[in-house]
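To convert a position in the sequence shown, counted from 1, into our numbering, add 1. Positions of the beta carbon are idealized from the N, C-alpha and C atoms, including for glycine. Quick caveat, the model's predicted, so the values are computed rather than measured.
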Amino acid sequence: MADALVDAPTGNVGGTGRGLGPLRNAWFLWLCCGLFSIPTMVSLARDWWTLEQGQAGPIILASSLWLFHRARHEIAAAARPGKASLTALGLAVTLPAYIFARVTGMLGIECLAMYGALLTILYFHVGFAALKPLRFPLIYILFMFPLPETIILPLSRMLKLLLSSAAVGLLSKFGFEIGQGGVVIYIDQYELLVATACSGLHSLIGLSAIGVFYCYIHYGGNWRQSWPLLIAIPFIAIFSNFIRVLTLILVTHYWGERIASKYYHDFASIALFMFAIFLLVGADVALIKFRKWRDNGR
């Protein structure tokens, strides 16, 4: 199997696709990789992508696969088999981690171990040089995996307190009878718990992924041109979630907790994402107009 990979011809990239030899050989290897990935991807889709926090996962996966497909000729042109020693070392680390995480139900570690194992096999098949065109998609695809709770919990609590305090402070200035105790908001006779989904952390991650993808495609990977937009992404995500918390409080005040929790909450998650994308595109349009105005003024 290893000899077949090492002897795989690289060929030349042409319009007929003959340069795709290294990617078409060893089909059994890619079949094994697919079967190896299926249990984790099923768990990921069932346990993470069905939650509001992971709703951007399918979009990230689909766009990542499109980026891989778009770079296929560049990969084939630069393909040279990787070192067996580095491959063995990579698999010696990732496969035990994968088995351990799979048995213990640690989805985040399982996903990262699967990713590491597949990346190691890809390196063995095409080498480091062929991975260079994939630098962005290889990083971008990581956004579809859940972050460890040791990172999520403290950041999420900080954002929940920030958004709760800001919403309560603003509404109190307009005469609403509203109070706050930690992440619990009191308005009229109702108590609202600002959940992790409302903190903005997960939407910040999802929007960051979509925003980075937008910048990469729109600006052709020119990060010097897109850096103002990249800086704006976290602020857009946090502001969007602030609007969500604010409107949730107002819906509770005027129509009751049942309407807010049963109907508006689910609608708000979709509306929030669309609103954030609208702000992102609007910020990009404003940035383009500003640059044109600046260039014309010189």
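Alpha-carbon to alpha-carbon, Ser38 and Leu148: 19 Å
Exposed unless 16 or more other CB atoms sit within 10 angstroms - verdict on Ser65: buried
Rounded C-alpha distance that separates Phe291 from Arg225: 16 Å
Segment contact, 8 Å Cβ cut-off, at least three pairs: the stretch 133–150 with the stretch 82–102: no
DSSP state of Tyr187 mapped onto helix, strand, coil: strand
Rounded separation between Val185 and Leu164 - CA only: 11 Å
Other residues of its chain near Gly109: CB distance less than 6 Å, five sequence neighbours each side excluded: Pro147 and Pro149
Cβ neighbour criterion (16 or more within 10 Å) applied to Arg25: Low confidence applies to Arg25: its pLDDT is 48, below 50, so where it sits in the model is not reliable, and the reading given next is rough at best. Arg25 comes out exposed.
Helix, strand or coil at Gly117 [DSSP, three-state]: helix
C-alpha distance - Trp49 paired with Asn297, whole-angstrom precision: 48 Å
Exposure of Asp285, with buried meaning 16 or more beta-carbon neighbours within 10 Å: buried
Distance between Leu36 and Arg194 (C-alpha atoms, nearest Å): Per the sequence shown, the amino acid found at residue 194 is Leu instead of Arg. Distance between the alpha carbons of Leu194 and Leu36 is about 42 Å.
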